[in-house]
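Below is one structure; the comments refer to it alone.
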Amino acid sequence: MASENSPLLGHGVYSVVGDGEKAPRRSSRGDINAKSPNAPHRKLNTFFGVMVPTVLSMFSIVLFLRTGFVVGHAGLLQGLLMLGVAYFIISLTVLSICAISTNGAIEGGGAYFMISRSLGPEFGGSIGLMFFLAKVCACGVYVLGLVEAILAVFGKDPASGLVGGLRVLPMGYWFTVLYASVALLLCLVVCMVGANIFSRAALLILIVVTGALISILISPLVVGPRTFLISHPSSDNNSQTLSFNVTYTGFNATTLQNNLASGYSIDYSTNKEMSFATVFAVMFTSCTGIMAGANMSGELKNPSVSIPKGTILAVLYTFVVYVILFLLVGSTCERALLIGDYGFFQRINLWPPFVLIGVYFASLSAAMCSLIGASRILHALALDQLFGLPLAPATITSSSGNPWVSVLYTWGLVQCTVFAAELNVIAGLVTVFYLLAYAAVDLACLALEWASAPNFRPTFQFFSWHSCLLGIVSCLVMMFVINPVYSSASIAMLLLLLLFLHYRSPTSSWGYISQALIFHQVRKYLLMLDVRKDHVKFWRPQVLLMVANPRSSSQLINFVNQLKKGGLYVLGHVQLGDLDLLPSDPVQQQYNFWLSLVDKLGVKAFVDLTLSHSVRQGTQHLLRITGLGGMKPNTLAMGFYDNSYPDDYFLQDPKFCPDPNGAPSNENDDFGVDLPSLQAHFGPVRDEVSPRSLSPEEYVGIVSDAIKMNKNVCLGRYFHQLHAADVRGLRGDGAGVTIDVWPLNLLRSGSSSYADVCSLFLLQMACVLNMASGWRRARMRIFLCAEAQSEDQGWMEKEERFRELLRKLRIRANIKIVAWDVVVRLRGTGSSGSSPSQLGDLDGLTKAPQPISQEFLSAVNSLLKENSAEAAVRFLYLPRPPPASGQYQQYLAQLDTLSRDLGPTLMIHGVTPVTCTEL
């Protein structure tokens, strides 16, 4: 337990350590020796670490090779609309990124780290993998764009007749793949050296790209109108060549007017008709670099400051540049030039090599940035062990901290994407992946805002849940506008990854946003659950099961789990002790062990523990305070008190047995509780030398207390003999199994009512069990005891009335009439019988009972054995305990004799009406 002197632990993005340098820093990945955010390998500032890579990623191939494509097909107005929509979406996402990144210390992994530490491992891992794939495909786009730019200058195409001079590179599908592979290999070499060399070269690359951009902006002021001849292979026959003249007019009002409207036509690189969606998909790839700086979070000196500042500046800068370029292109170039030659900037530049150099540098830098960013995401995924052995090698790093194995993984996947051989082919997939990742970032911020967690206090305040929600909706809408097939497939893939990680991922200390949201909603609904509006029609069992040692009670825990029928189920335990004599509360340290036990058993139960001087007093505490609002226990369940020595369930269930091969099992590590720790926490079962913590009088007193507190009582005996496989049978639904119900108070032969509150509660609980999944096909048998040889034959009329009652209660059961004339005659005979003054009122009635002989009890026990020998479980009427505590032992002895050697038996005393015949 943490005290006021304990260091603060790194939980999620909150990594703060107290006590100066004495306390080691614990990273969110659980490594107590992990480096702090200011470790020596963090060297990059806002400009070099965030702004430069973000600008270079956004000034990628689209800037130089697809600006004319967008304006030519979509027109200037729709092009600006596309640009506005794209930047609107990424601006909303940038706000969310800034909010999350300023809410605590950020480690390596960038966007993946922020999402996973905000939404938990399931969402984080699945979105992280999707974002990794988006980076991989984007790298392929940039490499293919580079090859396209190279071939536009140096490629020889026999079909077009453009050979000789600088055109020395053969063209074709496999040659394109070859050139892309060589360019990708160059990126690999740089990335294997490390991100630092790229960051050092990034400023030079930015200067070169900026120089090329300036040359494009000033060229219309220097270069006059020109006409060019453009040739392309025919879309119908590649052996034929189409040639046509296009014109660069310079600044011209007519050109601007002609380019305002859209003019979608066939894309000469893919021979496909373009539309708003396909053009937007290509254009949006220019906006996918906003997380380039966030992905470098592991190398930033102060990521919480650098990421928001650098990202916002980069987005504003690139937006202004793109708007100027769109206006420039729309007012100086004819549409035929824009859609006929994607590299037209080279033709109209005052010095054409400027554009070539800018294209090559921008493409290479964007490709390397994507390769580095993707490898960092993969490395973070591997460190978090979300996908197990397949990613285990990706945790390996060089002495300088470069995750070179992750780089190799990423390079191999990018190599697969270049087989598409056309930039426009995979641009839609890249855009869909990125939009899904952006929607996830907005979702993470929205969830944190809606959860109203006190620790969500970002220093960046320019966001709200409205902006997050609008960002999510915008991303999802544009995904389906671009490509419904890709969008549906990516969402389906995301859901499959979510399910996989939900069932496979190890527990983490990151914090789960789902828990915060659930808490927020449950609190509201609990306030709405008004106990004054309870109605018997909607009654359900809400059980508090008292457990002394789960080693001997696990079968009863599993059985009661099937009786709850969607109601509250709580495992209660009383730790004996006096808090005044202890330094701290020992109960708090036990909760994780009990919750791990619940997970192991697979039951849907809460856990409530208390410290008390006695078990009886502790049970009273739990009956009063367990639950909240309208969710409080109405039924107390306990095991039966006898002198037998229980079996150890942990030795019988494989879930509690260690691996026979001795292999360690990481998946058994449940919130710090592994299997050996769980077994060690719960001591051995009671034997002949173990002292009891509970006396017979105290046990019966607990039953009496519960009834006084208006709680129903269930006592379970011999449930260690109930095996789940025997109950389910071959069909798994309980076919061929019987549930026997004895709704009569067998200790009071004069009682003839089968319709009192306790009997009806007994029937209701049997019906609840019959509705459980493993008992659906079980047959219910109800046994009615009758004195068939007596002169009074009123039992036949009572049987008929009982059948009518079952029909009204919709209870399907077989009624068995059992003659017990011989048993009744033994009611008052025998030397061991008890006087009325000794027994008290066993059934809660005011009239004095008759004495009970040992022979009568044995005869009743024999009657039960004779008729219910084959039953899977028996439900018996539990008489009310006597009012005098001096009779408690005698009462318990009678119950012991009554239920001895019957097999799994549940003795029930009900005090609340639970049945209803109304609609």
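Residue numbers for the sequence shown follow this note's numbering, beginning at 505 and rising by one.
In this text, a Cβ means the ideal position worked out from N, Cα and C, and glycines have one as well.
Bear in mind that the values here come from a model prediction, so they are computed numbers and not experimental data.
Using 8 Å for Cβ pairs, my map puts residue i next to residue j. What's the rounded Cβ distance?
i	j	result
M1213	M1142	Going by Cβ atoms, the distance from M1213 to M1142 rounds to 14 Å, so no, they are not a contact pair.
W1324	L1367	6 Å
I911	S879	Per the sequence shown, the amino acid found at residue 911 is Val instead of Ile. Their Cβ separation, rounded to whole angstroms, is 4 Å, which keeps V911 and S879 in contact under 8 Å.
Y1016	G624	4 Å
Y1392	S1263	That pair is no contact at about 24 Å.
V566	L842	Between L842 and V566 the Cβ distance is about 14 Å, and since that is not below 8 Å, they are no contact.
I1321	E1303	7 Å
L477	L890	Because the chain spans 505 through 1423 in this model, residue 477 falls outside it and cannot be assessed.
F865	V750	F865 to V750, Cβ: 27 Å. No contact.
S835	L760	4 Å
Mind checking whether residue i and residue j have CB atoms under 8 Å apart?
i	j	result
M1034	G1131	In the sequence under discussion, the amino acid at residue 1034 is Asp, which differs from the Met named in the question. The answer is no: Cβ separation not under 8 Å.
L1251	P1383	yes
S719	N853	yes
L895	A886	yes
L939	M982	yes
A818	T606	no
F1430	V859	Nothing can be reported for residue 1430: it is not among the residues displayed for the chain, which extend from 505 to 1423.
A653	G847	yes
M562	S790	yes
S971	L596	yes
H1413	V1217	yes
D1178	Y1149	no
Y1007	V1047	no
V1241	A1282	yes
G797	I811	yes
G553	E803	yes
S1403	R1221	yes
L655	L673	yes
So for residue i, helix, strand or coil by DSSP?
i	result
L725	helix
K1212	helix
L949	In the sequence under discussion, the amino acid at residue 949 is Cys, which differs from the Leu named in the question. Helix.
S1056	helix
G516	A caution first: G516 carries a pLDDT of 35, below 50, which makes its placement in the model unreliable, though a value can still be read off. Coil.
M1032	helix
P1383	coil
P541	At P541, the pLDDT of 40 sits below 50, so the modelled position is not reliable and the matter cannot be decided from this model.
P894	helix
A1323	strand
T1419	coil
S994	helix
S735	strand
F592	helix
A781	helix
A687	helix
M795	coil
N1371	helix
Need the endpoints of the alpha helix (DSSP H) that residue i sits in, please.
i	result
F966	Careful: F966 lies outside any alpha helix (DSSP H) and carries neither H nor E.
T1401	1392-1402
K1104	1095-1105
F568	565-569
C1425	For the chain, the structure presents residues 505 to 1423; residue 1425 sits outside this window and is missing.
A886	857-887
S1263	1261-1275
What first and last residue would you give for the beta strand (DSSP E) that runs through residue i?
i	result
G1143	1139-1143
Y1073	1073-1080
S747	745-752
D1244	1242-1246
H1413	1409-1413
V1111	1110-1116
Relative to the ligand MG, is the shortest distance from any of its heavy atoms to the C-beta of residue i smaller than 7 Å?
i	result
F1023	The ligand content of the structure shown is nil, which means the ligand MG is not present either.
Practice task
Inspect the CB distances between the region 616-628 and the region 967-976 and report whether three or more fall short of 8 Å.
Solution key: no
Handout entry: Segment contact, 8 Å Cβ cut-off, at least three pairs: the region 869-886 with the region 687-694
Key = yes
Problem - Cβ pair count under 8 Å reaching 3, the region 1175-1186 against the region 1088-1099 - result: yes
Exercise for the section: Assess, as a yes-or-no matter, whether the region 984-992 is touched by the region 942-956 under the definition of 3 or more beta carbon pairs within less than 8 Å. Expected result: no
Practice task
Check whether the region 1064-1072 touches the region 1084-1091, taking contact to mean three or more Cβ pairs, one atom from each stretch, closer than 8 Å.
Solution key: no
Exercise for the section: Could you tell me whether the region 1265-1283 touches the region 1305-1321, using the rule of 3 or more Cβ pairs below 8 Å? Expected result: yes
Practice task
Would you be able to state if there are at least three C-beta pairs under 8 Å between the region 930-945 and the region 704-714?
Solution key: no
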